[in-house]
Amino acid sequence: MQTHLKGRDMITTQEWTLDEIETIMEVAYDLKRKRAVGEPHAYLRDKTLAMLFFFTSTRTRGSFEAGMAQLGGHAAFIDSDTTQISHGDTAKEIGEIFGRYFDGIAIRQCDWDFGNQYIREVAAASRVPVLNMQCDVYHPFQILADLMTIKEYFGRESLRGKTINVSWAYAASYQKPISVPQSLILLMNRFGMNVRLTHPPEYKLMPEILEQAADNAKRSGGSFEILHDFDEGFKGADIVYPKSWGALLTTSDKDESAKIGKKYTDWITDERRMAMAKDHAIYMHCLPADRNIEVTDGVIDGPQSIVYQEAENRLHVQKAVMALTM
Ligand code: CP
């Protein structure tokens with residue numbers, strides 16, 4: 001267990017060692033138990049967190065705000081539209097100024113080819129930890145919650161050799177960021193898992209992330225493969241994580257992107273596909289999902305789905321990271 005994490009930013013799990021990530025897990029399990037039995041755990045009494053959102057949220061906002069209150073502190077919800085950012089406040093100014101008011105700065109900025117850079121600029125100017133609530137490249141807290149959920153399901157020590165299928169799925173709602181699949185293939189590969197990335201050719205991820213994922217697999221003794229057949233991805237998998245993302249590396253044009261997506265409307269997770277995975281396979285999704293387009297009600301509400309435990313664990317891992325860093 002690591003005890004030197006005060007002041008650390010959480011922008012990507014790739015910048016945290018395995019031992020540090022295991023520390024987050026241990027603290028998260030402890031905080032989950034404490035909440036379940038009603039044991040007070042006000043580790044951040046009198047501390048404040050700025051939550052700066054440039055994009056909508058249900059789970060991230062709710063879990064960070066509830067988490068700060070449960071830790072004895074306060075979280076301030078700040079909608080970027082209500083700030084002076086559009087009138088000139090720079091990332092550096094946000095880091096400098098919020099760093100003087102708050103004990104942590106959490107940011108969601110998902111704009112393609114900009115969000116991560118913005119968060120890094122705030123972090124460079126901030127004297128307090130900066131927490132990435134999702135950017136264009138990474139969604140670290142979602143993936144930490146996913147790791148906690150998988151460990152709870154399969155046993156904390158036995159992820160080695162398990163196969164996770166991180167797959168694209170069709171959705172009609174909007175061009176979702178690629179931060180979830182990218183963060184998944186980076187983190188799960190560090191625990192000796194066999195990571196399968198499945199997507200139509202147009203839905204590729206960033207080449208540098210693929211390289212890092214392959215490198216992580218080599219170091220951990222896991223494996224990393226890329227498939228382009230939806231059904232193949234399900235075959236023999238222990239964990240299936242099919243979700244939609246945008247063709248961001250193929251086109252920046254919304255109409256063209258929608259046209260590409262229409263070629264793959266049959267990439268929907270249904271009972272027939274779930275039956276191709278192992279009998280004990282679990283279905284995961286970060287939510288929100290396009291029901292009966294991306295996944296059938298039967299699967300997402302079915303016995304193999306663990307989406308609500310997954311959403312709950314957002315609360316526990318975020319509290320762990322805040323307690324350790326703030
Ligand atoms: N999974 C997730 O980040 O949910 P929200 O977009 O609702 O925060």
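Residue numbers (our numbering): 1 to 326.
C-beta: ideal position from N, C-alpha, C; glycine also.
These numbers come from a predicted model, not from an experiment.
Extent of the continuous alpha helix (DSSP H) run through residue i
i, result
"N116", "115-125"
"Q70", "59-70"
"M25", "18-37"
"S220", "207-220"
"F141", "140-154"
"A258", "254-262"
Residues bridged to residue i (per DSSP)
i, result
"Y241", "V166"
"M188", "According to DSSP, which records beta bridges pairwise, M188 is partnered with nothing at all."
"I293", "DSSP, once it has assigned bridges, lists no residue as partnering I293."
"Q109", "C135"
"T269", "V295"
"V130", "I105"
Inter-residue Cα distance where the pair is residue i and residue j
i, j, result
"M32", "H316", "Here residue 32 turns out to be Lys, not Met, going by the sequence shown. Cα to Cα, K32 sits roughly 6 Å from H316."
"V130", "A289", "28 Å"
"A169", "S244", "5 Å"
"D19", "N132", "20 Å"
"T325", "C135", "20 Å"
"R273", "E121", "43 Å"
"D231", "E65", "39 Å"
"V321", "I24", "6 Å"
"Y283", "E211", "26 Å"
"H328", "L186", "Outside the shown range of the chain, which is 1 to 326, sits residue 328, and nothing can be said about it."
"A172", "G72", "41 Å"
"Y203", "V137", "14 Å"
"Y308", "F98", "33 Å"
"T48", "H74", "5 Å"
"T12", "S183", "8 Å"
"M276", "Q175", "28 Å"
"I300", "I143", "19 Å"
"E152", "G62", "22 Å"
Residue i - DSSP class collapsed to helix/strand/coil
i, result
"I306", "coil"
"Q2", "coil"
"I78", "strand"
"R196", "strand"
"F224", "strand"
"G233", "helix"
"M326", "coil"
"L52", "strand"
"Y203", "helix"
"I11", "coil"
"I282", "strand"
"E96", "helix"
"K319", "helix"
Nearest-angstrom Cβ-Cβ length linking residue i and residue j, presumed shorter than 8 Å
i, j, result
"R59", "L287", "7 Å"
"P181", "L197", "7 Å"
"I268", "E294", "6 Å"
"A237", "N189", "Rounded, the Cβ-Cβ distance is 15 Å, inconsistent with contact."
"I239", "A281", "7 Å"
"G95", "A50", "Not a contact, Cβ separation roughly 11 Å."
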